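To start, the structure itself, in structure tokens.
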Amino acid sequence: MWLTKFKTALILEDFDSISGLLDEMPQFETLQQMEEASYLLAQTKTSVEKHKSQTAHVLQQLKNNLNFLKSTQTEPPSSLNLKF
Numbered sequence: 001m002w003l004t005k006f007k008t009a010l011i012l013e014d015f016d017s018i019s020g021l022l023d024e025m026p027q028f029e030t031l032q033q034m035e036e037a038s039y040l041l042a043q044t045k046t047s048v049e050k051h052k053s054q055t056a057h058v059l060q061q062l063k064n065n066l067n068f069l070k071s072t073q074t075e076p077p078s079s080l081n082l083k084f
């Protein structure tokens with residue numbers, strides 16, 4: 001049952017469910033279950049690293065866009081700029 005839930009969470013990339021399932025990892029009864037869990041954990045690591053990389057890329061793009069927008073804004077007039 002745990003392996004099925006873990007597979008589903010991995011396919012859906014539901015990292016919250018994955019985290020919860022990792023907290024309640026059962027004792028596996030057979031070597032096949034252990035090997036399957038090991039493979040799924042390796043796939044999860046790959047998926048998390050890919051997601052982390054994508055997130056870092058998106059954050060960098062947002063930072064670049066904000067910097068561009070700031071550079072194109074005109075300077076607000078100073079409150080000390082008095083005209084007679």
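Heads up: the sequence shown begins at 1 in my numbering, then just goes up one per residue.
Ideal placement from N, C-alpha and C gives every residue a C-beta, glycine not left out.
Note that the coordinates shown come from a computational prediction; the quantities given were computed from them, not determined experimentally.
Please state if the CB of residue j and the CB of residue i are separated by a distance shorter than 9 Å.
i: Gln-32; j: Leu-10; result: no
i: Leu-21; j: Lys-5; result: yes
i: Glu-13; j: Ser-47; result: yes
Kindly indicate which residue of the options has the alpha-carbon position closest to the one of residue i.
i: Leu-40; options: Lys-52, Lys-70, Met-25, Ser-53; result: Met-25
i: Ser-17; options: Lys-50, Leu-3, Met-34; result: Leu-3
i: Phe-15; options: Met-1, Glu-35, His-51; result: His-51
Would you tell me roughly how many angstroms separate the C-alpha atoms of residue i and residue j, rounded to the nearest one?
i: Ser-19; j: Val-58; result: 23 Å
i: Thr-30; j: Lys-70; result: 59 Å
Using a threshold of 8 Å, is the CB atom of residue i nearer than that to any non-hydrogen atom of the ligand ZN?
i: Ala-42; result: Looking for the ligand ZN in the displayed structure turns up nothing, as the structure carries no ligands at all.
Note the first and the last residue of the continuous alpha helix (DSSP H) segment covering residue i.
i: Glu-75; result: Note, Glu-75: premise wrong, no alpha helix (DSSP H); not H, not E.
i: Thr-4; result: 2-12
i: Phe-15; result: 15-23
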